[in-house]
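If you're matching them up, the sequences are chains A and B in order.
Oh and the first sequence: position 190 is 340 in the working numbering, straight run, nothing missing.
Oh and the second sequence: position 42 is 46 in the working numbering, straight run, nothing missing.
Structure first, then comments.
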Amino acid sequence: MEKYWKIFYNGIIPGNPVFVLLLGMCATLGTTSSAMNGLMMGVATAAVLVCSNLVISLIKNLVPDKVRIPAFIVVIATFVTVLQLVVNAWLPALNASLGIFIPLIVVNCILLGRAEAFASKNGIVASLLDGLGAGVGFTFALVLLGASRELLGTGRLFGAMIYPEDYGMLLFVLAPGAFIALGYLIAIVNKIRKVS
Amino acid sequence: MLAYLSIIVTAIFINNIVFAQFLGICPFLGVSKKISSALGMGAAVTFVITLATVVAWLLQTYVLNPLNLQFLQTIVFILVIAFLVQLLEIVMKKITPALYQALGVFLPLITTNCAVLGVAILVIQKNFNLLESVVYGLSTSIGFTLALWVFAGIREQLDLTVAMPRGMRGVPIALICAGVLAMAFMGFSGIKIG
């Protein structure tokens with residue numbers, strides 16, 4: 151039991167995909183103009199990650215070693231296509247706000263990274279939890295970044311007003327703010343990790 | 005003619021792939037420590053993006069659209085890109101082994117460079133014809149190389165700076181520099197052509 155908890159927990163704090171491993175930067179920067187967008191993107195990525203980790207751990211003994219990477223990519227691309235169709239059908243608003251970043255989940259390094267480093271070597275339950283942990287860690291990072299950008303930029307948090315918009319720095323909602331906010335967040339995480 | 009000029013200027017400066025569209029950030033942060041390897045990476049990415057855009061456009065127009073298989077777009081495109089990167093790897097190993105060594109793990113990682121898949125999908129979304137797609141792909145990758153080159157120059161100087169809080173060293177300060185660069189690129193957004 152403790153072993154499984156460790157696998158799950160590893161993806162959230164010690165091996166956080168964004169703050170520690172610096173993976174999936176494009177989606178991290180591109181979809182966090184608000185906390186809600188960050189949350190949506192995180193959940194979408196986590197869903198694909200859990201499914202692909204599960205299937206890859208199921209087929210790991212059937213796939214020859216030489217073609218494993220292309221095989222993993224096809225599995226991931228299949229789940230992304232499913233997600234694309236689902237989002238198109240039921241959540242058109244989400245499709246509009248995340249745009250091209252939904253098909254681009256395929257090339258999110260976190261997915262292939264977890265497949266190669268974990269799911270291709272471990273059992274089903276462990277792989278499932280590993281995917282869930284990394285997905286939750288990714289979502290956490292995206293929500294944190296999205297919330298800081300939304301709060302600094304517009305004075306809102308998940309759409310609720312915290313302080314008047316006139317005092318916000320619009321820069322943080324725009325492109326440069328994404329880089330700057332993430333830079334400072336990683337610096338804070340570095341500081342905390344060195345201390346503990 | 006003016007339309008093509010507009011595509012070129014927009015893709016390189018106004019809507020720069022790294023600073024405005026957030027695509028290709030991984031190699032942008034990973035291979036930007038030295039100017040020489042940054043330029044090599046830029047050249048490799050330029051080759052893959054341009055070729056991938058053409059192949060993806062042809063596949064979409066002559067295979068996926070007539071057969072009504074548009075939903076297979078993501079899978080087909082990523083396989084085409086993986087194939088092209090493999091090809092590039094074999095060619096570079098033979099022709100420029102030094103550059104092949106310098107790029108290391110980032111060469112096979114071009115497959116998972118979202119700029120490549122991103123441009124291939126954007127070209128379809130924007131309804132470009134073949135020539136426009138080639139021009140767009142080429143100028144986007146020039147914009148990518150420009151961003152990488154400028155950023156590598158800054159990072160080479162940053163490495164010489166010693167007085168910096170420990171937590172800020174490495175990636176955090178690089179990201180903040182990228183933010184300032186992105187601010188500079190925002191200055192281009194007022195340009196209008198045609």
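All C-beta atoms, glycine included, are put in the ideal place defined by N, C-alpha and C.
So, with DSSP's three-state summary, where would you put residue i?
i, result
"Met151/A", "coil"
"Arg173/B", "coil"
"Met311/A", "strand"
"Ala156/B", "helix"
"Val232/A", "helix"
"Asp316/A", "helix"
"Ala185/A", "helix"
"Ser277/A", "helix"
"Asn203/A", "helix"
"Pro242/A", "helix"
"Gly183/B", "helix"
"Phe169/A", "coil"
"Gln25/B", "coil"
"Asn340/A", "helix"
"Met45/B", "helix"
"Asn160/A", "helix"
"Asn69/B", "helix"
Using only alpha-carbon positions, find the residue among the options that is nearest to residue i.
i, options, result
"Leu262/A", "Tyr313/A, Pro214/A and Arg218/A", "Arg218/A"
"Arg173/B", "Leu321/A, Ile336/A and Val257/A", "Ile336/A"
"Ser247/A", "Ile206/A, Ala276/A and Leu189/A", "Leu189/A"
"Leu62/B", "Val80/B, Gln90/B, Ala47/B and Gly28/B", "Val80/B"
"Pro220/A", "Cys30/B, Leu113/B, Ile128/B and Leu134/B", "Leu113/B"
"Ser41/B", "Ile12/B, Ala119/B and Val154/B", "Val154/B"
"Leu27/B", "Val168/A, Phe169/A, Gly180/A and Pro167/A", "Gly180/A"
"Leu260/A", "Tyr159/A, Ile157/A, Leu171/A and Lys153/A", "According to the sequence as given, residue 260/A is Ile; it is not Leu. Selected option, being the one with the closest Cα: Leu171/A."
"Thr149/B", "Ser193/B, Met45/B and Leu9/B", "Met45/B"
"Asn160/A", "Pro314/A, Val286/A, Gln234/A and Leu199/A", "Val286/A"
"Thr115/B", "Val89/B, Val123/B and Asn69/B", "Val89/B"
"Met186/A", "Glu300/A, Tyr313/A, Leu324/A and Met151/A", "Glu300/A"
"Val232/A", "Lys216/A, Pro253/A and Gly192/A", "Pro253/A"
"Ser298/A", "Thr182/A, Leu241/A and Cys176/A", "Thr182/A"
"Ala227/A", "Leu295/A, Val256/A and Asn238/A", "Val256/A"
"Phe3/B", "Gly108/B, Thr78/B, Ala56/B and Pro101/B", "Nothing in the structure corresponds to residue 3/B, since chain B is present only between 5 and 198."
"Val59/B", "Ser137/B, Lys130/B, Ala119/B and Gln25/B", "Ser137/B"
"Ala186/B", "Pro326/A, Leu332/A and Gly333/A", "Pro326/A"
"Leu126/B", "Phe329/A, Phe251/A and Leu235/A", "Phe251/A"
By Cβ distance below 8 Å, which residues in the same chain neighbour residue i in space, the five residues on each side in sequence not counted?
i, result
"Gly174/A", "Pro167, Val168, Thr195, Asn258, Cys259, Ile260 and Phe288"
"Leu208/A", "Ile274"
For residue i, which residues of its own chain have a beta-carbon under 7 Å away from its beta-carbon, when the five flanking residues on both sides are left out?
i, result
"Asn117/B", "Gly28, Cys30, Pro31 and Val49"
"Phe360/A", "The displayed coordinates of chain A run from 151 to 346. Any statement about residue 360/A would go beyond what the structure contains."
"Leu182/B", "Note on identity: in this sequence residue 182/B is Ala, with Leu being the wrong assignment. Closer than 7 Å at Cβ, skipping near neighbours: Phe155."
"Ser193/B", "Ile18"
"Val230/A", "Val198, Pro253, Ile255 and Val256"
Leaving aside the five residues before and after residue i along the sequence, list all residues of the same chain whose C-beta is less than 6 Å from its C-beta, in chain order.
i, result
"Leu142/B", "Thr54"
"Gln64/B", "Ile128"
"Tyr154/A", "Leu279"
"Ile11/B", "Val139 and Tyr140"
"Val205/A", "Val225"
"Ser36/B", "Ala42, Leu152, Phe155, Ala156 and Arg159"
"Lys210/A", "Ser270"
"Tyr8/B", "Val139"
Based on the DSSP output, what are the partners of residue i in its beta bridges?
i, result
"Arg306/A", "Met311/A"
The ligand COA and residue i: does the residue's C-beta get closer than 7 Å to at least one heavy atom of that ligand?
i, result
"Gly122/B", "This structure lacks the ligand COA; in fact it carries no ligand of any kind."
Tell me which residues of the stretch 190-206 of chain A have at least one Cβ-Cβ distance to chain B shorter than 9 Å, keeping chain order.
none
Could you name the residues of the stretch 168-182 of chain A whose beta carbon sits closer than 9 Å to any beta carbon of chain B, in the order they occur along the chain?
Leu172, Leu173, Gly174, Met175, Cys176, Ala177, Thr178, Leu179, Gly180 and Thr181
Could you list the residues in the stretch 212-235 of chain A with a C-beta less than 9 Å from some C-beta on chain B, going in chain order?
Under the 9 Å Cβ criterion, the stretch 212-235 of chain A contributes Ile219, Pro220, Ile223, Val224, Ile226, Ala227, Thr228, Val230, Thr231, Gln234 and Leu235.
Interface residues of the stretch 264-286 of chain A facing chain B [CB-CB below 8 Å]:
none
For the stretch 84-97 of chain B, which residues have a CB atom closer than 8 Å to at least one CB atom of chain A, in sequence order?
Ala86
Give, in chain order, every residue of the stretch 305-337 of chain A whose Cβ lies closer than 9 Å to some Cβ of chain B.
Leu321, Leu324, Ala325, Pro326, Gly327, Ala328, Phe329, Ile330, Ala331, Leu332, Gly333, Tyr334, Leu335, Ile336 and Ala337
The stretch 253-264 of chain A: which residues have C-beta closer than 7 Å to a C-beta of chain B, in chain order?
Pro253, Leu254, Val256, Val257, Cys259 and Leu262
What residues in the stretch 159-174 of chain B bring their beta carbon closer than 9 Å to a beta carbon of chain A?
Pro169, Arg170, Gly171, Met172, Arg173 and Gly174
Members of the stretch 27-55 of chain B near chain A, C-beta cut-off 9 Å
Identification of residues in the stretch 27-55 of chain B having a C-beta nearer than 9 Å to some C-beta of chain A yields Leu27, Gly28, Ile29, Cys30, Phe32, Leu33 and Gly34, given in sequence order.
Within 9 Å of chain A by C-beta, residues of the stretch 115-127 of chain B in sequence order:
Thr115, Thr116, Asn117, Cys118, Ala119, Val120, Leu121, Gly122, Ile125 and Leu126
Check distances from the C-beta atoms of the stretch 62-87 of chain B to those of chain A and list, in chain order, the residues that come in under 8 Å.
Phe75, Leu76, Gln77, Thr78, Ile79, Ile82, Leu83 and Ala86
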